[in-house]
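Participant: If you scroll down you'll find the structure; I have some questions about it.
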Amino acid sequence: MGELKGTATSILEPGQQSGFATTKFESLLAWAQKYSLFMNPFVTACCGMEFMAVSSPRYDFSRFGSEAPRFSPRQSDLLWVVGTIVQRQAPILKRIYEQMAEPKWVLAFGTCASSGGFYDNYACVAGIDKIIPCDVYVPGCPPRPEAVLDGLMLLQDKIQRGDRTPGIVKPRIDPVQAPDTALVQLRRSRTSAV
Ligand code: SF4
372 MGELKGTATS ILEPGQQSGF ATTKFESLLA WAQKYSLFMN PFVTACCGME
422 FMAVSSPRYD FSRFGSEAPR FSPRQSDLLW VVGTIVQRQA PILKRIYEQM
472 AEPKWVLAFG TCASSGGFYD NYACVAGIDK IIPCDVYVPG CPPRPEAVLD
522 GLMLLQDKIQ RGDRTPGIVK PRIDPVQAPD TALVQLRRSR TSAV
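In the numbering used here, the protein residues as written are 372 to 565.
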């Protein structure tokens, strides 16, 4: 119940080791929903490789309660759009989204799904939000698994707060704000060693 701290009141009598908590039903429901997401992966392109990496034990999807894929939209509530969407796929993606039951959420995995990426041409859709609503955008070509997990946690936070405004995953380290990153330090150490 630790996650419900902001909305729950824990009642402990003096000298007791256990007690009970009060909360709002909506908060409890949101807490359960965010830890029991059933994903429908709509994988079309090279981001799929990174999606497999995120699904591997190293990054451990299970701890978010969202590792079980459902390949029927009627049984899933989180649509992962992974990769480039071309115009011919657009109606299919829209139909899959419409077949999902409410409440449902959408995550754009990678730059192509988020904005079309460098495929600035007549054949590609310039971001899935041209077709369906999107809750979280995870930029990157492809995004690092850590960024994807950040996106998932951002979505969980939105579900808990009932926030349907779209969110964008920001880099963990902003190279402008923090130029002395680990990568820069590594390069410097290698250069000085030569
Ligand atoms: S964002 Fe990059 S890796 Fe992902 S589908 Fe587009 S081109 Fe491929």
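For every residue, glycine included, the Cβ atom is placed at its ideal position computed from N, Cα and C.
As the structure is a prediction and not an experimental result, all values here were calculated from the model.
1) Taking Y468 as part of the beta strand (DSSP E), name the residues at either end of that continuous run.
2) I'd like the span of the alpha helix (DSSP H) that includes L520, first residue to last.
3) Mapping DSSP to helix, strand and coil, what is P444?
4) Would you say the beta carbon of G488 comes nearer than 7 Å to a heavy atom of the ligand SF4?
5) The ligand SF4 and T335: does the residue's C-beta get closer than 7 Å to at least one heavy atom of that ligand?
6) Please state if the CB of Y430 and the CB of P510 are separated by a distance shorter than 8 Å.
7) Per DSSP, P474 forms a beta bridge with which residues?
8) Give the straight-line distance between the Cα atoms of V477 and L526, rounded to the nearest whole angstrom.
9) Is it the case that the CB of G436 approaches a heavy atom of the ligand SF4 more closely than 7 Å?
10) Using DSSP bridges, identify the partner residues of V414.
11) In whole angstroms, what is the alpha-carbon distance linking V540 and D528?
12) How would you label M372, buried or exposed, when you count the other beta carbons within 10 angstroms and need 16 or more for buried?
13) Just to confirm, are L450 and S437 a CB contact at a threshold of 8 Å?
14) Just grab the DSSP bridge partners of C495 for me.
15) Looking at C-alpha atoms only, which residue of S427, G498 and Y493 is the closest neighbour of S486?
16) So is P444 in contact with chain D if we call contact Cβ pairs under 8 Å?
17) Helix, strand or coil: how does DSSP classify V425 here?
Facilitator: On the basis of the coordinates in this document:
1) Along the sequence shown, one-based indexing puts residue 468 at 97. That residue, Y468, is in no beta strand (DSSP E); its alpha helix (DSSP H) goes A461 to Q470.
2) On the sequence shown, residue 520 is found 149 positions in, with the first residue counted as 1. That run of the alpha helix (DSSP H) goes P516 to R532.
3) By 1-based counting over the sequence shown, the position of residue 444 is 73. DSSP places P444 in helix when its eight states are reduced to three.
4) The residue given as residue 488 occupies position 117 in the sequence shown. In this structure, G488 has its beta carbon less than 7 Å from a heavy atom of the ligand SF4.
5) Outside the modelled stretch of the chain, which goes from 372 to 565, sits residue 335, for which no answer is possible.
6) Working through the sequence shown from its first residue, we reach residue 510 at position 139. Working through the sequence shown from its first residue, we reach residue 430 at position 59. The answer is no: Cβ separation not under 8 Å.
7) Numbered from 1 along the sequence shown, position 103 holds the residue referred to as residue 474. In the DSSP output, where bridge partners are listed per residue, P474 has none listed.
8) Counting from 1 along the sequence shown, the entry for residue 477 is found at position 106. Counting from 1 along the sequence shown, the entry for residue 526 is found at position 155. Distance between V477 and L526, taken at the CA atoms: about 9 Å.
9) On the sequence shown, residue 436 is found 65 positions in, with the first residue counted as 1. The nearest non-hydrogen atom of the ligand SF4 is 7 Å or more from the C-beta of G436.
10) As a working mapping, residue 414 is identified with position 43 in the sequence shown. V414 is bridged to V453.
11) The residue you call residue 540 lines up with position 169 of the sequence shown. The residue you call residue 528 lines up with position 157 of the sequence shown. About 12 Å.
12) The count along the sequence shown starts at 1 and reaches residue 372 at position 1. Model confidence at M372 stands at a pLDDT of 44, short of 50, so the residue's coordinates are unreliable; what they give is reported in the following sentence. Counting Cβ neighbours within 10 Å, M372 comes out exposed, since fewer than 16 surround it.
13) Taking the first residue of the sequence shown as 1, we reach residue 450 at position 79. Taking the first residue of the sequence shown as 1, we reach residue 437 at position 66. Against a cut-off of 8 Å, the Cβ pair of S437 and L450 comes out as no contact.
14) As a working mapping, residue 495 is identified with position 124 in the sequence shown. For C495, which the question treats as bridged, DSSP gives the partners V457.
15) For the purposes of this step, residue 486 is taken as residue 115 along the sequence shown, with counting starting at 1. For S486, the nearest C-alpha among the options comes from G498.
16) The structure shown has no chain D; it contains just one protein chain.
17) Mapped onto the sequence shown, residue 425 falls at position 54. It is helical.
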